[in-house]
Amino acid sequence: MTRRPGSWPDRARSFIGYCLSEPLYRLFSLVPHLEIGLSTHEISRLTYRHSFLAGRRAAHLSDLHLDRYQPRHDLIIAAIGELRPDWIFVTGDLLNVPEGLPHLFRFLAGLRKIAPVYVTLGNHDHYSGVPIDQYCELADRHK
2 MTRRPGSWPD RARSFIGYCL SEPLYRLFSL VPHLEIGLST HEISRLTYRH SFLAGRRAAH
62 LSDLHLDRYQ PRHDLIIAAI GELRPDWIFV TGDLLNVPEG LPHLFRFLAG LRKIAPVYVT
122 LGNHDHYSGV PIDQYCELAD RHK
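Here it is in structure tokens:
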């Protein structure tokens, strides 16, 4: 099945909407007190029995969107530390904007003090404006 391109007016509306919303998003990203959205974390415990993993623990985080560092990120690191995982997996959507890179690596450094961290990128990471090579270079530097 092939995807049909949208009509010219639909594409124009999407482009104009993006052009108007991106500067506003970046402006609000500079003012942490105006943040709107989910700012809590939830811990779910799942038990699986595999003989080769007996007694091992893993923590999985996703959709962090670390555009700036907040006190809640320290709480997440502390909560993960209390779980005493053997591995930490962070799967996608780490950033929305390039300005979040220092905050991301501060967060990952906190996690690395607990256990080995394995990261994959998500769609927001690809669209954040940070080249994939830069993610790789910075990740290697922050091992």
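Residue numbering for the sequence shown follows my numbering, starting at 2 and increasing by one per position.
From the three backbone atoms N, C-alpha and C, an ideal C-beta is built for every residue, glycine too.
Between the CA atoms of residue j and residue i - distance to the nearest angstrom
i, j, result
"V131", "Y19", "18 Å"
"A60", "F90", "6 Å"
"F16", "S8", "12 Å"
"A79", "P10", "49 Å"
"L54", "A13", "53 Å"
"N97", "R142", "21 Å"
"P117", "E23", "35 Å"
"L47", "L139", "32 Å"
"L21", "L95", "23 Å"
Where residue i falls: helix, strand or coil (DSSP)
i, result
"A79", "helix"
"I89", "strand"
"H61", "strand"
"Y119", "strand"
"Q71", "coil"
"S8", "coil"
"H125", "helix"
Other residues of its chain near residue i: CB distance less than 7 Å, five sequence neighbours each side excluded
i, result
"R58", "L84, R85, P86, D87"
"T121", "T92, G93"
Residue i and residue j closer than 9 Å at C-beta
i, j, result
"D126", "G93", "yes"
"G123", "S63", "yes"
Counting pairs of Cβ atoms below 8 Å between the stretch 93-103 and the stretch 66-76, do you hit three or more?
yes
Contact the stretch 74-81 vs the stretch 122-136: 3+ CB pairs below 8 Å
no
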